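Note sheet for the following structure.
Residue numbers (this note's numbering): 8 to 169.
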């Protein structure tokens, strides 16, 4: 048995006529509270702790891979994703000042989750772009469409990005 929209509307109206204004107000308040509870977990949840950050020169050491050279030590870097690891290996970033955010690992490496370049004290996001096809790529290499090399771009980080 299917119920038409009109039948549903009439049933709701009959139900509302039977309820007092106090009962209707209670139902509305309960509905509002349930709606807020459905929305609230994401907005009221504790913010995650900021990730540890390291700054230094990005270098690709033969036999070790990408490392971060800091004044007091050299830190071997790993990444959470293949495309981020390929970005760490990009020769265009070799010798550049960078900031990496991530987590120290038990084996002594630092697992990078976020990578930024630093110029004149300001942070920049790294992306790869093909002007011909107007396509943004996640890692260095050829455009997936025209197979031309992608261009390294540095986008200034805004407060909303962090």
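Even glycine gets a Cβ: it sits at the ideal position worked out from N, Cα and C. On a predicted model such as this, the values are computed, not experimentally measured, just so you know.
My assumption, with CB atoms under 8 angstroms, is that residue i sits in contact with residue j. Please give the rounded CB distance.
{"i": "residue 178", "j": "residue 71", "result": "Summary: the structure shown does not reach residue 178, with the chain confined to residues 8 through 169, and so no result is reported for it."}
{"i": "residue 124", "j": "residue 105", "result": "6 angstroms"}
Find the nearest neighbour of residue i within the set the options, judged by alpha-carbon distance.
{"i": "residue 110", "options": "132, 98, 87", "result": "87"}
{"i": "residue 118", "options": "73, 17, 126", "result": "73"}
{"i": "residue 116", "options": "162, 80, 142", "result": "80"}
{"i": "residue 60", "options": "67, 142, 68, 77", "result": "77"}
{"i": "residue 66", "options": "91, 99, 90", "result": "99"}
{"i": "residue 92", "options": "120, 69, 102, 103", "result": "120"}
{"i": "residue 127", "options": "139, 143, 103", "result": "103"}
{"i": "residue 145", "options": "162, 62, 90, 17", "result": "90"}
Residue i to residue j, Cα distance in whole Å?
{"i": "residue 156", "j": "residue 112", "result": "34 angstroms"}
{"i": "residue 94", "j": "residue 57", "result": "22 angstroms"}
{"i": "residue 164", "j": "residue 133", "result": "10 angstroms"}
{"i": "residue 141", "j": "residue 150", "result": "10 angstroms"}
{"i": "residue 69", "j": "residue 62", "result": "21 angstroms"}
{"i": "residue 152", "j": "residue 143", "result": "11 angstroms"}
Would you say residue i and residue j are within 8 angstroms of each other, going by their C-beta atoms?
{"i": "residue 122", "j": "residue 107", "result": "yes"}
{"i": "residue 175", "j": "residue 159", "result": "The chain is shown only over 8 to 169; residue 175 falls outside these bounds and no answer can be derived."}
{"i": "residue 136", "j": "residue 147", "result": "no"}
| request: Run through the segment 91-136 for me and flag every whole beta strand (DSSP E) of 3 or more residues, listed as ranges in chain order. | output: Uninterrupted beta strand (DSSP E) stretches at least 3 residues long and entirely within the segment 91-136 occur at 104-111, 117-126, given in chain order.
| field | Length at least 3, wholly inside the segment 133-167: the beta strand (DSSP E) runs in chain order | value | Complete beta strand (DSSP E) runs here, min 3: 142-144, 158-163.
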